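Below is one structure, written out as structure tokens; the observations come after it.
Residue numbers (this note's numbering): 49 to 396.
Written out as structure tokens, the structure is:
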């Protein structure tokens with residue numbers, strides 16, 4: 049690992065990069081491009097709930113382009129307030145080699161910060177170590193795994209296209225974390241099993257269940273939700289395994305069960321509920337609720353049974369539906385609830 053010139057540290061921290069030509073979001077997804085940069089306001093809104101977890105800890109932001117990352121900036125500016133021991137950031141290889149003054153050599157970067165050394169409350173050149181990585185900075189590489197082992201807590205916005213693999217690595221190395229992902233990951237067996245096993249849960253979340261990310265991709269948001277130079281993504285959530293008060297808050301239940309309002313599925317012994325707020329207070333059997341229920345899930349109040357489609361459906365005994373398949377979702381009067389997936393729960 050080669051140390052870069054010290055003057056680059058402040059440049060990386062303070063500098064930005066001009067937006068390139070936009071690409072269609074669908075093309076970005078197909079190419080598995082994941083340059084979605086989290087806004088500072090969203091980071092601050094979530095991190096304010098976790099301050100007690102960071103004292104004397106090594107924090108790693110291992111999917112953070114030093115040109116763009118507000119995560120790194122947040123932790124630098126709040127280093128002393130949080131009582132951090134060390135801050136490390138790594139990113140995948142640069143897509144703009146000129147920014148690093150490395151000629152044609154495309155290198156990934158590691159940054160290390162250990163606090164304000166002279167008390168001037170300004171980020172000085174000699175306070176951030178900036179190093180070249182030997183590889184491309186992929187979080188799965190042996191080099192980056194060794195860096196991961198140094199960390200106590202990982203906080204970042206990992207590539208959405210690699211989210212499940214990224215989460216599995218954090219679990220494998222027993223790291224505390226706070227990361228951004230899409231709620232659709234909840235319906236995959238590996239992620240759902242972790243939630244059902246009380247090993248991960250959702251954080252406080254984004255207002256309205258959607259977020260605007262700084263991005264070079266085309267925004268498909270409506271005019272009222274459009275922000276220049278940003279892309280709106282709905283269904284994004286924070287995943288964590290750090291203890292927070294939110295997951296022990298009881299969901300108020302006020303609805304009374306009636307068979308007319310809550311019909312049973314054809315192929316599983318459970319009633320259908322279209323809104324989390326409509327969960328009846330007097331029904332003791334299994335209920336199918338929207339995946340957004342997980343945001344309100346309190347393990348002391350509810351038991352997670354499973355998901356009503358695919359392998360997870362077969363696992364809990366969902367029978368073949370009118371089309372002779374279980375992967376098309378639960379059905380009511382022969383009609384599948386798809387595209388609205390259902391998580392099956394029971395009141396404790």
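Note that the Cβ used here is the ideal one computed from N, Cα and C, for glycine as well. Just so we're clear, the structure is a prediction, and the values are computed from it rather than from any experiment.
Between residue i and residue j, how many whole angstroms is the CB-CB distance? I'm expecting something under 8 Å.
i           : j           : result
residue 136 : residue 195 : 6 Å
residue 201 : residue 334 : The Cβ separation is near 36 Å, so there is no contact.
residue 288 : residue 225 : 6 Å
residue 279 : residue 251 : Residue 279 to residue 251, Cβ: 21 Å. No contact.
residue 355 : residue 380 : The Cβ separation is near 17 Å, so there is no contact.
residue 133 : residue 105 : 6 Å
residue 246 : residue 347 : 5 Å
Report the rounded CA-to-CA distance for residue i versus residue j, giving the unit in angstroms.
i           : j           : result
residue 13  : residue 122 : The requested residue 13 is not part of the displayed model; the chain covers only 49 to 396.
residue 254 : residue 94  : 8 Å
residue 431 : residue 315 : The requested residue 431 is not part of the displayed model; the chain covers only 49 to 396.
residue 227 : residue 212 : 12 Å
residue 240 : residue 336 : 15 Å
residue 118 : residue 301 : 39 Å
residue 297 : residue 187 : 35 Å
residue 320 : residue 220 : 36 Å
residue 303 : residue 197 : 48 Å
residue 193 : residue 109 : 13 Å
residue 178 : residue 361 : 49 Å
residue 365 : residue 101 : 40 Å
residue 127 : residue 168 : 14 Å
residue 124 : residue 160 : 10 Å
residue 141 : residue 180 : 10 Å
residue 103 : residue 204 : 18 Å
residue 259 : residue 87  : 9 Å
residue 229 : residue 309 : 33 Å
residue 393 : residue 385 : 16 Å
residue 284 : residue 262 : 14 Å
residue 92  : residue 317 : 43 Å
Given a threshold of 16 other Cβ atoms within 10 Å of its Cβ, counted over all protein chains shown, does residue i qualify as buried or as exposed?
i           : result
residue 306 : exposed
residue 199 : buried
residue 175 : buried
residue 98  : buried
residue 323 : exposed
residue 112 : buried
residue 207 : buried
residue 89  : exposed
residue 166 : exposed
residue 79  : The predicted model places residue 79 with a pLDDT of 44, which falls under 50 and marks its position as unreliable, so this point remains unresolved.
residue 359 : exposed
residue 120 : buried
residue 351 : exposed
Pull the bridge partners of residue i from the DSSP assignment, please.
i           : result
residue 340 : DSSP, once it has assigned bridges, lists no residue as partnering residue 340.
residue 394 : 351
residue 420 : One cannot answer for residue 420 here, as it falls past the ends of the chain, which runs 49 to 396.
residue 299 : Bridge partners of residue 299: none, in fact.
residue 161 : 135 and 176
residue 241 : DSSP output for residue 241 lists no bridge partner at all.
residue 23  : No information on residue 23 is available, as it lies outside the stretch 49 to 396 that the chain covers here.
residue 250 : 287
Just checking: is the beta-carbon of residue i within a distance shorter than 9 Å of some beta-carbon in chain D?
i           : result
residue 390 : No chain D appears in the structure shown, which is made up of a single protein chain.
- Item | Segment contact flag, the segment 320-336 with the segment 227-234, C-beta cutoff 8 Å, min 3 pairs | Flag = no, the segment 320-336 and the segment 227-234 do not touch.
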